[in-house]
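J.:
Protein chains: 2
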Amino acid sequence: MTMNDFNKIFANYVDEINKAAAYYVSADAFKGRESSGLEAMLDAMAYSLGNGGKRIRPVLTLEFCRLCGGDYRAAIPFAIGAEMIHTYSLIHDDLPCMDNDDMRRGKPSSHKVYGEANALLAGDGLLTLAFETVLSADVSADKKAKAALELAKAAGVSGMIGGQVMDLSNEGKKVSLDEIRATDRLKTGEMIRVAAVMGCIAAGADSEKIAAAEKYCENIGLAFQIVDDILDVTSDDATLGKPVGSDSQNRKSTYVSHLGVEKSSEYARQITEEAKAALDIFGSEGEFLSELADRLSERKN
Amino acid sequence: MTMNDFNKIFANYVDEINKAAAYYVSADAFKGRESSGLEAMLDAMAYSLGNGGKRIRPVLTLEFCRLCGGDYRAAIPFAIGAEMIHTYSLIHDDLPCMDNDDMRRGKPSSHKVYGEANALLAGDGLLTLAFETVLSADVSADKKAKAALELAKAAGVSGMIGGQVMDLSNEGKKVSLDEIRATDRLKTGEMIRVAAVMGCIAAGADSEKIAAAEKYCENIGLAFQIVDDILDVTSDDATLGKPVGSDSQNRKSTYVSHLGVEKSSEYARQITEEAKAALDIFGSEGEFLSELADRLSERKN
Numbered sequence: 366m367t368m369n370d371f372n373k374i375f376a377n378y379v380d381e382i383n384k385a386a387a388y389y390v391s392a393d394a395f396k397g398r399e400s401s402g403l404e405a406m407l408d409a410m411a412y413s414l415g416n417g418g419k420r421i422r423p424v425l426t427l428e429f430c431r432l433c434g435g436d437y438r439a440a441i442p443f444a445i446g447a448e449m450i451h452t453y454s455l456i457h458d459d460l461p462c463m464d465n466d467d468m469r470r471g472k473p474s475s476h477k478v479y480g481e482a483n484a485l486l487a488g489d490g491l492l493t494l495a496f497e498t499v500l501s502a503d504v505s506a507d508k509k510a511k512a513a514l515e516l517a518k519a520a521g522v523s524g525m526i527g528g529q530v531m532d533l534s535n536e537g538k539k540v541s542l543d544e545i546r547a548t549d550r551l552k553t554g555e556m557i558r559v560a561a562v563m564g565c566i567a568a569g570a571d572s573e574k575i576a577a578a579e580k581y582c583e584n585i586g587l588a589f590q591i592v593d594d595i596l597d598v599t600s601d602d603a604t605l606g607k608p609v610g611s612d613s614q615n616r617k618s619t620y621v622s623h624l625g626v627e628k629s630s631e632y633a634r635q636i637t638e639e640a641k642a643a644l645d646i647f648g649s650e651g652e653f654l655s656e657l658a659d660r661l662s663e664r665k666n
Numbered sequence: 366m367t368m369n370d371f372n373k374i375f376a377n378y379v380d381e382i383n384k385a386a387a388y389y390v391s392a393d394a395f396k397g398r399e400s401s402g403l404e405a406m407l408d409a410m411a412y413s414l415g416n417g418g419k420r421i422r423p424v425l426t427l428e429f430c431r432l433c434g435g436d437y438r439a440a441i442p443f444a445i446g447a448e449m450i451h452t453y454s455l456i457h458d459d460l461p462c463m464d465n466d467d468m469r470r471g472k473p474s475s476h477k478v479y480g481e482a483n484a485l486l487a488g489d490g491l492l493t494l495a496f497e498t499v500l501s502a503d504v505s506a507d508k509k510a511k512a513a514l515e516l517a518k519a520a521g522v523s524g525m526i527g528g529q530v531m532d533l534s535n536e537g538k539k540v541s542l543d544e545i546r547a548t549d550r551l552k553t554g555e556m557i558r559v560a561a562v563m564g565c566i567a568a569g570a571d572s573e574k575i576a577a578a579e580k581y582c583e584n585i586g587l588a589f590q591i592v593d594d595i596l597d598v599t600s601d602d603a604t605l606g607k608p609v610g611s612d613s614q615n616r617k618s619t620y621v622s623h624l625g626v627e628k629s630s631e632y633a634r635q636i637t638e639e640a641k642a643a644l645d646i647f648g649s650e651g652e653f654l655s656e657l658a659d660r661l662s663e664r665k666n
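Taken in sequence, the protein lines are chains G and R.
Position 114 (the first sequence) corresponds to 479 in this note's numbering; numbering is contiguous.
Position 29 (the second sequence) corresponds to 394 in this note's numbering; numbering is contiguous.
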């Protein structure tokens, strides 16, 4: 796959995702259910959902659906559901009682724009709307119920939320490499995993393919975190788009504080190869995701 | 139906609800999915979910399931899902950035016990677990998907959350009776309605029965609010279990501030009769819910 081909496919996915994301938080999507409260919430939800990050999770949903023989368009509501959960978690994470971050991706965070109460409710709204969106998909009731159940488990207290709690309690403590891995696996890993799994479910994939998707995601998720830690010490504010050095300033235990930059890089490269190996059962069709794994491990921001 | 019969049925439902609620936030329910983060959350979620209110919503789920010819036990996960959403909304409502309430049902509110960050996350956790619980029910995928979708719509930005936003923006303003009704219909009415509708769905009820359930709920929900407003001016702290006079202190527009106590009481009685009339299609089987409507309108706290 040429760089150009990859970029085209990726850009097409992101375009579809951005269009769908905008629709699901628009007045059009709520015809006949209007209220003054809804209006205020749509505005706040659209602000955060539109302030797009890399859209890795929804891209995984769409590509795994295609890779498992489905029409990726059928999986768009699943993809948006995953992105809504990711977005709500950032809104709540930024609140003063959590990380107290005034900025998110170069823009004022939700509570700086809409106030704390509305940011809290917009987060609740996106979390709830994620399930409405997944359950409104034009696929069988069986697939919808399965995808929504997986999403609830991954996003919940035994998944992402559990990881957030662990992250909060790790603050200011010396944390072992195993504990860091366990925290990341839940805090970010579970939502990456379930985004891919929902794509597989949309395509009616068998358990072998779902297991391959999970293995791929586990490894790119971990590599993603390691690269994050490396960039925090090797990058600069302008390239990274946020202040570097925050981990050491917060005396946070990271892969880098445990292994150093060089060994961390080696580790990231190694698990990126493991991620790519998990794609073997898809043959040459796995090329896009193989390239994606490389890109994520070589990224500069 | 004698007072004794009603009390027995009600107590049996509440007993089943309390047992199931305790189970769904216990370590047993999460076997094989343990983490240190999960443990902290289960504790906080159990604290609030166990601090039972009247359990009106889940009782409606179970009784409407029975009334529509189903086995009410099949609807227990739907009933608990509704109660989890109700509970999360109270936890978030009590947070300092919202109503800033230190007490809830005579006990310290969640953030006073667990801190703001954990209370926020416990609320998120209950909201997410509500969907996991509904989608884990032992009924057809079709019923699960339908119930979870209805729940998401009722709890979301065009439902309960939209009503919360309206309530926040009504604060300190003179609000018309129509606006009060519109706010209450979303803020509390939608969750009461969907609790009943999920019971109907569990039983496979037809649209005529679902419409009757909705009509009953709309009226008892409205009556409930009116009685709340009346008790705030006619009761005393000890009987009510919370400080009276808060509405006038907050200069809140209420049914009573618009209509006075006497006309409000009359209005509550009138719509309670409308609620009971909606039960006609169920014949003598509707007796329990008819009695429930009377009890709610005559309650002293």
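Even for Gly, the Cβ is constructed at its ideal location relative to N, Cα and C.
All values reported here derive from a predicted model rather than from experimental measurement.
For S454/G and G488/G, what's the separation of their Cα atoms in angstroms?
T.: Each residue's Cα considered, the two are about 7 Å apart.
J.: When Cβ atoms are compared, which residues of the segment 523-542 of chain R fall closer than 9 Å to chain G?
T.: Taking 9 Å as the Cβ-Cβ cut-off against chain G, the residues of the segment 523-542 of chain R that qualify are S523, G524, M525, I526, G527, G528, Q529, V530, M531, D532, L533, S534.
J.: Spatial neighbours of C565/R within its chain, please: C-beta separation below 8 Å, excluding the five flanking residues on both sides.
T.: F429, C430, C433, K574, I575, A578, listed in sequence order.
J.: Please work out which residues of its chain come closer than 8 Å, Cβ to Cβ, to Y388/G, disregarding the five sequence neighbours upstream and downstream, and give them in chain order.
T.: So the list reads A394, once near-sequence residues are dropped.
J.: Near F443/R, which residues of its chain fall below 7 Å by C-beta distance, leaving aside the five closest residues on each side in sequence?
T.: The residues are T426, V499, A502, A512, M563, G564, A567.
J.: Mind checking which residues open and close the alpha helix (DSSP H) that includes T619/G?
T.: No alpha helix (DSSP H) contains T619/G, which DSSP labels as neither H nor E.
J.: May I ask you to verify whether the segment 595-603 of chain G touches the segment 619-632 of chain G, counting CB pairs closer than 8 Å and requiring at least 3?
T.: Touching, yes, given that three or more Cβ pairs across the two stretches are closer than 8 Å.
J.: When you compare each of D612/R, D645/R, D659/R to G537/R by their alpha carbons, which one comes out closest?
T.: Residue D612/R is the option with its Cα nearest to G537/R.
J.: Check the C-beta distance from D549/G over to Q614/G and give it rounded, since I have them as a contact under 8 Å.
T.: At roughly 20 Å, the Cβ-Cβ gap does not stay under 8 Å, so D549/G and Q614/G are not in contact.
J.: Can you give me the Cβ contacts of K665/R inside the same chain, cut-off strictly under 6 Å, excluding the 5 residues immediately before and after it?
T.: Contacts found: T604.
J.: Taking beta-carbon pairs under 8 Å, can you tell me which members of the segment 367-387 of chain R lie near chain G?
T.: Listed by position, the residues of the segment 367-387 of chain R near chain G (Cβ gap below 8 Å) amount to none.
J.: Alpha carbon to alpha carbon, how far is R558/R from K580/R? Give it in angstroms, no decimals.
T.: Answer to the nearest angstrom: the Cα atoms are 9 Å apart.
J.: Is any beta-carbon of chain R found at less than 8 Å from that of M449/G?
T.: Chain R contact via Cβ: absent.
J.: Just to confirm, are I456/G and A484/G a CB contact at a threshold of 8 Å?
T.: Yes, Cβ-Cβ distance for I456/G and A484/G is below 8 Å.
J.: Can you give me the C-alpha to C-alpha distance between L414/G and D436/G, rounded to a whole angstrom?
T.: Near 24 Å, if we compare the C-alpha coordinates of D436/G and L414/G.
J.: D602/R to G610/R, Cα distance in whole Å?
T.: Their Cα atoms are separated by approximately 9 Å.
J.: Can you tell me whether G554/G is buried or exposed, with buried defined as 16 or more other CB within 10 angstroms of its CB?
T.: G554/G comes out buried.
J.: Along the alpha helix (DSSP H) that carries E583/G, what are the first and last residues, could you check?
T.: Here the alpha helix (DSSP H) through E583/G covers 572-599.
J.: Quick test of the definition: if touching needs 3 or more C-beta pairs under 8 Å, does the segment 401-417 of chain G touch the segment 622-640 of chain G?
T.: Result no; under three Cβ-Cβ pairs closer than 8 Å.
J.: Ignore the nearest five residues each way along the sequence and tell me which others in D466/R's own chain have a CB closer than 6 Å to its CB.
T.: The answer, listed in chain order, is D459, S474.
J.: Could you check what DSSP says for P473/R in three-state terms: helix, strand or coil?
T.: Note: P473/R maps to strand in three-state DSSP.
J.: Starting from E481/G, find everything on chain R with Cβ-Cβ shorter than 9 Å and list it in chain order.
T.: The answer, in chain order, is L460, P461, C462, M463.
J.: Kindly list the residues whose CB is nearer than 8 Å to the CB of E650/G, restricted to its own chain and excluding five residues on each side of it in sequence; keep chain order.
T.: L432, listed in sequence order.
J.: Short of 9 Å Cβ to Cβ, which residues in the segment 483-495 of chain R face chain G?
T.: Taking 9 Å as the Cβ-Cβ cut-off against chain G, the residues of the segment 483-495 of chain R that qualify are N483, A484, L485, L486, A487, G488, D489, G490, L491, L492, T493, L494, A495.
J.: Quick one: which unbroken beta strand (DSSP E) runs of 3-plus residues sit fully inside the segment 428-496 of chain G? Chain order, please.
T.: Fully enclosed beta strand (DSSP E) runs of 3 or longer: not present.
J.: Based on Cα-Cα distance, which residue from F653/G, R660/G, L542/G, A640/G lies nearest to G625/G?
T.: When each option's Cα is compared against that of G625/G, the closest is L542/G.
J.: Interface residues of chain G around D507/R at Cβ under 7 Å?
T.: A506, listed in chain order.
J.: Buried or exposed: S572/R, going by 16 or more other Cβ atoms within 10 Å of its Cβ?
T.: It is exposed - the Cβ of S572/R has fewer than 16 other Cβ atoms within 10 Å.
J.: Residues of chain G with CB under 7 Å from E663/R, in chain order?
T.: Residues of chain G passing the Cβ test: none, with the nearest at roughly 31 Å.
J.: Nearest by alpha-carbon distance to K518/R: which of G471/G, E663/G, G490/G, K628/G is it?
T.: The candidate whose alpha carbon is nearest that of K518/R is G490/G.
J.: For S501/R, which residues in chain G fall below 7 Å Cβ to Cβ?
T.: Residues of chain G passing the Cβ test: L514.
J.: Between which two residues does the alpha helix (DSSP H) holding D543/R run?
T.: Run containing D543/R: 542-549, per the alpha helix (DSSP H) assignment.
J.: So with Cβ pairs under 8 Å, would you call A570/R a contact of chain G?
T.: For A570/R, the answer is no, since every Cβ of chain G falls outside 8 Å of its Cβ.
J.: Along chain G, which residues have their Cβ under 8 Å away from the Cβ of E497/R?
T.: What E497/R touches in chain G: L514, A517, K518, G521.
J.: Would you say F395/R lies against chain G (beta-carbon separation less than 8 Å)?
T.: With 8 Å as the cut-off, F395/R counts as an interface residue toward chain G.
J.: L516/R and G446/R - do their beta-carbons sit closer together than 8 Å?
T.: Against a cut-off of 8 Å, the Cβ pair of L516/R and G446/R comes out as a contact.
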